[in-house]
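In order, the protein sequence lines correspond to chains A and B.
Using numbering that gives the first Met the number 0, you'd call the opening residue of the first sequence number 0 and step up by one each time.
Using numbering that gives the first Met the number 0, you'd call the opening residue of the second sequence number 0 and step up by one each time.
For each residue, glycine too, the CB sits at the ideal point set by N, CA and C.
If you're wondering where the values come from, they're calculated on a predicted model, not measured in any experiment.
These notes are about the structure you will find just below.
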Amino acid sequence: MTNRPRRAPRRTGLACVLALCLATALTACGSSDDGGDDGGGPADVTAALEKGGTIKVWAWEPTLKQVAKDFEDEHPKVKVKLVNAGTNKDEYTALQNAISAGSGVPDVAQIEYYALGQFTLTESLTDLAGFGADKLGDTYSPGPWNAVSSSDGIHALPMDSGPMALFYNKDVFDKHHIAVPRTWDEYVAAARKLHKADPEVYITSDTGDPGLTTSLIWQAGGRPYTVDGTEVSIDFSDQGSATYTRTWQKLIDDKLLAPTVGWSDEWYKGLSDGKIATLPIGAWMPANLMSGAPKGKGSWRVAPLPQWKPGKPVSAENGGSALAVPTKSGNKALAYAFVQYANAGKGVKTRVHDGAFPATKATLESKEFLNRRYPYFGGQKANVIFSKAAADVPDDWSYLPFQVYANSVFNDAVGTAYTSGTPLDKGLADWRKASVKYGKEQGFTIE
Amino acid sequence: MAAFALVFLAPIGYSLYLSLFQEKLIGGTSFVGLDNYQQALDDPQFWTALRRVGLFLVVQVPIMLGIALLVALAIDSGRLYGRNFFRVAVFLPYAVPAVVATLMWGFMYGTRFGLVGDINDAFGVSLPDPLSADLVLASIANIVTWEFVGYNMLIFYSALRVVPHALYEAAEIDGAGQWRVITAIKIPAIRGALVIATIFSIIGSFQLFNEPSILKKLAPNAITTHFTPNIYTHSLAFSGQQHNYAATVAIVMGLLTMVIAYLVQLRGMRKEA
């Protein structure tokens with residue numbers, strides 16, 4: 000008889016924790032705090048390029064591969080080591096650990112907008128203003144630029160953005176003779192009609208997604224988070240949040256949302272076969288649709304995001320990320336040179352060509368970009384809509400400095416609104432409570 | 000000995016050390032003594048998680064061990080046709096990695112495109128959703144039972160194989176029936192194995208992690224970030240960067256498991272005496 004514990008694999012949970020503990024162990028001895036100093040000026044960048052060297056880049060964005068190659072070709076003395084250290088949360092954990100440990104920190108890291116706060120707060124990112132980033136304010140759309148800059152400096156350069164639009168399956172709408180909704184009220188009405196005409200068809204799927212929820216509140220004019228250094232306030236009782244919950248509650252109550260978890264196989268299947276009829280989502284979606292729901296080719300179209308109230312159209316950002324230079328990078332000037340090349344220089348064109356959605360105004364407004372016809376969308380010039388949406392994003396939104404954590408517990412609190420009839424606003428109130436508790440534990444002043 | 004200290008004691012010692020500190024995003028690390036333990040004892044999320052695995056333990060473990068014992072006795076009785084095939088077939092699920100097994104069951108549980116959905120379509124019924132908040136623990140218990148019946152069966156079967164056959168012959172001569180043989184000879188003979196299997200199962204239940212953690216992707220609203228103590232520890236450490244508190248919870252959990260396993264062992268051994 001073997002003396003092996005039953006279910007040995009479960010040990011991994013604890014083992015991971017212990018491994019992590021060991022990683023932090025290095026913190027105690029290896030950390031030398033060098034604060035948030037910037038490290039140089041534009042001249043240093045030129046000098047660093049001439050001198051050459053190696054930089055390590057952590058990113059999961061696929062179009063960077065070609066950019067890194069081009070950058071090396073242009074600067075033969077420079078070597079770019081592009082590493083995929085995990086996608087979003089996984090990378091942040093690794094990055095946080097590397098920063099704490101003070102070793103193995105990359106020179107450039109991809110960080111989503113909503114997660115930047117966690118790193119700027121602990122002064123883990125270099126202020127890029129000194130290198131010349133302060134002159135790039137007009138280069139980018141307002142949403143992304145606001146997300147990377149604060150009164151303390153410029154913490155990263157926007158890589159891509161996700162102004163929201165409504166992706167919809169035209170064939171499904173045509174079949175049931177339903178007009179594409181222009182307001183959220185029309186959206187609810189369309190959801191009812193669609194589901195009545197064919198009980199297998201849902202207007203969209205949602206099982207509780209913090210990204211979507213915060214983006215729609217953003218669009219509705221809600222500003223639940225205010226952040227001033229370490230003073231934070233969280234409040235979902237404002238008008239904008241109420242507008243969102245009122246409408247979304249109707250969709251939940253009438254069971255008009257497919258209970259399909261986003262990004263699952265089932266979800267892609269629903270997008271392919273017309274069971275999920277629309278997606279309110281960021282403009283980076285086309286590449287995912289093409290690869291994940293190839294059967295939907297020709298059926299899907301893009302429309303502006305439905306509006307909460309009449310008047311000037313408003314959109315919001317959903318996802319999107321930036322490239323930052325950690326303060327513990329050994330070669331900040333060279334790192335900045337790469338970031339600048341990829342996100343403001345020639346790299347942008349390369350990335351757009353490969354399917355990325357840019358954050359730079361010039362590209363968003365260029366004829367070549369706007370005139371691109373998507374065969375997947377029946378030849379539609381979808382970029383016109385995305386580009387317009389990018390300009391319609393209000394730029395005064397902020398995320399929590401610990402949004403990564405808050406998002407991770409979203410479903411604990413708000414999930415019950417989707418499964419067991421808790422009112423959505425009550426769910427958001429519970430989410431607020433969990434976020435406040437964590438924030439206080441972490442030393443924030445929260446009102 | 001040095002190797003033992005390094006790989007075995009050092010992590011535990013380090014966890015203990017960690018559990019005495021608190022690291023904040025604002026304000027850095029400070030020594031807090033036993034505050035983390037105080038917090039853990041007052042933490043409703045920790046206690047719900049613990050109650051959940053406790054419930055799992057008292058329901059799932061007897062079912063699983065009962066089935067395993069039945070199968071072992073059936074195979075051992077020698078009356079089963081195709082005994083070797085049966086033995087391998089029951090054991091086979093244990094050879095499937097837990098991650099794969101859970102994914103497989105996860106697909107079957109799907110009410111829209113999974114097996115449950117297909118049954119609903121084929122018979123025009125509407126089965127309850129196995130991944131709903133009310134049923135998900137039972138669904139996990141089902142997966143775990145499927146995975147580990149074979150393993151426990153093998154423990155029992157091996158123990159049964161070493162029982163001297165002379166005992167059975169003697170019993171037969173005395174006119175004992177099969178049932179009597181089982182209760183008077185076989186089960187007392189394998190008590191040691193039963194106790195061991197029970198202890199392993201208790202540890203396994205308290206450490207429940209893989210199955211719920213994988214199913215969470217399919218049922219994010221039914222499985223919370225504090226569904227089981229291990230999942231709670233994991234999310235504290237990885238989503239919340241609360242390594243110190245995670246270490247504390249892990250230690251409290253480890254102590255509890257040890258105490259309960261020890262009590263079971265005491266009780267099991269006393270009977271044997």
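Check: B:F155 and B:I189: beta carbons closer than 7 Å?
Finding: Residue mapping note: residue 155 of chain B aligns to position 156 of the second sequence, counting from 1. Residue mapping note: residue 189 of chain B aligns to position 190 of the second sequence, counting from 1. At the C-beta level, B:F155 and B:I189 come within 7 Å of one another.
Next item on the list: For B:A88, count neighbouring Cβ atoms within 10 angstroms of its own Cβ and tell me buried if that reaches 16, exposed if not.
Entry: For the purposes of this step, residue 88 of chain B is identified with residue 89 of the second sequence, where counting begins at 1. The residue in question, B:A88, is exposed, as its Cβ has fewer than 16 Cβ neighbours within 10 Å.
Notebook entry, point to check: How is A:P157 classed by DSSP in three states: helix, strand or coil?
Noted result: For the purposes of this step, residue 157 of chain A is taken as residue 158 along the first sequence, with counting starting at 1. A:P157 falls in the strand class under three-state DSSP.
Margin query: Could you tell me the alpha carbon to alpha carbon distance between A:K55 and A:Q109, rounded to whole angstroms?
Written below: Working through the first sequence from its first residue, we reach residue 55 of chain A at position 56. Working through the first sequence from its first residue, we reach residue 109 of chain A at position 110. Roughly 12 Å separates the two Cα atoms.
Next item on the list: Could you confirm whether any beta carbon from chain B is found closer than 7 Å to the beta carbon of A:D411?
Entry: Here residue 411 of chain A refers to the residue found at position 412 when the first sequence is read from its first residue. It does; some Cβ of chain B falls within 7 Å.
Notebook entry, point to check: Where does A:Y167 fall in DSSP's three states?
Noted result: Translated into the one-based positions of the first sequence, residue 167 of chain A becomes position 168. Three-state DSSP puts A:Y167 in a strand.
Next item on the list: Report the three-state DSSP secondary structure of A:Y398 (helix, strand or coil).
Entry: The residue you call residue 398 of chain A lines up with position 399 of the first sequence. Under the three-state reduction of DSSP output, A:Y398 falls in the coil class, being neither helix nor strand.
Checklist line | Proximal residues of chain A, C-beta to C-beta of B:I25 below 8 Å | finding: Your numbering for residue 25 of chain B matches position 26 in the second sequence. Chain A residues near B:I25: L120, T229, Q441, G442, F443.
Notebook entry, point to check: When the Cα of A:L135 is compared with those of A:Q441, A:D89, A:K366, A:M158, which residue comes out closest?
Noted result: What you label residue 135 of chain A is simply residue 136 of the first sequence in a count that begins at 1. The residue from A:Q441, A:D89, A:K366, A:M158 with its alpha-carbon nearest to that of A:L135 is A:M158.
Checklist line | Closest Cα partner of A:R371 within the set A:S236, A:G142, A:F385 | finding: The residue you call residue 371 of chain A lines up with position 372 of the first sequence. Taking the Cα of A:R371 as reference, the smallest distance to any Cα among A:S236, A:G142, A:F385 is reached at A:F385.
Notebook entry, point to check: Got a sec, what are the start and stop residues for the alpha helix (DSSP H) A:W247 sits in?
Noted result: By 1-based counting over the first sequence, the position of residue 247 of chain A is 248. 238-252 is the extent of the alpha helix (DSSP H) around A:W247.
Notebook entry, point to check: From the DSSP output, which residues share a beta bridge with A:K78?
Noted result: Taking the first residue of the first sequence as 1, we reach residue 78 of chain A at position 79. Beta-bridge pairing links A:K78 to A:T53.
Next item on the list: Measure the Cβ-Cβ separation of A:F443 and A:V231 and say whether it is below 7 Å.
Entry: Residue mapping note: residue 443 of chain A aligns to position 444 of the first sequence, counting from 1. Residue mapping note: residue 231 of chain A aligns to position 232 of the first sequence, counting from 1. Their beta carbons are under 7 Å apart, which means A:F443 touches A:V231 by this criterion.
Check: Hey, how far is the Cα of B:I11 from the Cα of B:Y36?
Finding: Translated into the one-based positions of the second sequence, residue 11 of chain B becomes position 12. Translated into the one-based positions of the second sequence, residue 36 of chain B becomes position 37. Annotation: B:I11 to B:Y36 spans about 16 Å, alpha carbon to alpha carbon.
Note to self: Once the 5 residues before and after A:A67 are set aside, which same chain residues still bring their CB inside 6 Å of it?
What the structure shows: Here residue 67 of chain A refers to the residue found at position 68 when the first sequence is read from its first residue. Correct list, in chain order: V79, L81.
Checklist line | Alpha-carbon spacing of B:A39 relative to B:V248, whole angstroms | finding: Along the second sequence, read from residue 1 onward, the residue named residue 39 of chain B stands at position 40. Along the second sequence, read from residue 1 onward, the residue named residue 248 of chain B stands at position 249. If I take the Cα positions, the gap works out to 6 Å.
Checklist line | Cα-Cα separation, A:V147 to A:P325 | finding: Here residue 147 of chain A is taken as the residue at index 148 of the first sequence, counted from 1. Here residue 325 of chain A is taken as the residue at index 326 of the first sequence, counted from 1. A direct Cα-Cα distance of roughly 14 Å separates A:V147 from A:P325.
Next item on the list: Check whether the Cβ atoms of A:W456 and A:T259 sit closer than 7 Å, and answer yes or no.
Entry: Only positions 0 to 446 of chain A appear in the structure, and residue 456 of chain A is not among them; the question remains open.
Checklist line | Nearest-angstrom beta carbon gap, A:Y243 and A:L215 [assumed within contact, 8 Å] | finding: The residue you call residue 215 of chain A lines up with position 216 of the first sequence. The residue you call residue 243 of chain A lines up with position 244 of the first sequence. Contact flag correct, Cβ pair sits at about 5 Å.
Next item on the list: Locate the beta strand (DSSP E) running through A:Y373, then write down its first and last residues.
Entry: Within the first sequence, the letter at position 374 stands for residue 373 of chain A. DSSP places A:Y373 outside any beta strand (DSSP E), giving it a letter other than H or E.
Checklist line | chain B residues whose Cβ lies nearer than 7 Å to that of A:V408 | finding: As a position in the first sequence, residue 408 of chain A is number 409, starting the count at 1. Counting only Cβ-Cβ distances below 7 Å, A:V408 has contacts in chain B at T224, in chain order.
Item checked: Cβ-based neighbour list, A:A381, same chain, cut-off 6 Å, excluding 5 preceding and 5 following -> Residue mapping note: residue 381 of chain A aligns to position 382 of the first sequence, counting from 1. Within the same chain, A:A381 has close Cβ partners V301, Y373.
Check: With 7 Å set as the bound, which would you pick, yes or no: does the beta-carbon of A:T359 sit closer than that to a beta-carbon of chain B?
Finding: The residue you call residue 359 of chain A lines up with position 360 of the first sequence. With 7 Å as the cut-off, A:T359 does not count as an interface residue toward chain B.
Next item on the list: Out of A:L250, A:T225, A:G152, A:G319, point me to the one whose CA is closest to A:T86's CA.
Entry: Position 87 of the first sequence, counting from 1, holds the residue named residue 86 of chain A. Per the Cα distances, A:G319.
Note to self: If we define contact as Cβ-Cβ less than 7 Å, is A:T92 a contact residue for chain B?
What the structure shows: Looking up residue 92 of chain A in the first sequence gives position 93. Yes, A:T92 counts as interfacial toward chain B.
Item checked: Exposed unless 16 or more other CB atoms sit within 10 angstroms - verdict on A:N145 -> Working through the first sequence from its first residue, we reach residue 145 of chain A at position 146. Classification for A:N145: buried.
Check: In angstroms, rounded to a whole number, what distance separates the CA positions of A:T418 and B:P92?
Finding: On the first sequence, position 419 is the one that residue 418 of chain A refers to. On the second sequence, position 93 is the one that residue 92 of chain B refers to. Roughly 32 Å between the two C-alpha positions.
Notebook entry, point to check: Within 7 Å (strictly less), CB to CB, does A:P4 reach chain B?
Noted result: Counting from one through the first sequence, the residue named residue 4 of chain A turns up at place 5. The predicted model places A:P4 with a pLDDT of 37, which falls under 50 and marks its position as unreliable, so this point remains unresolved.
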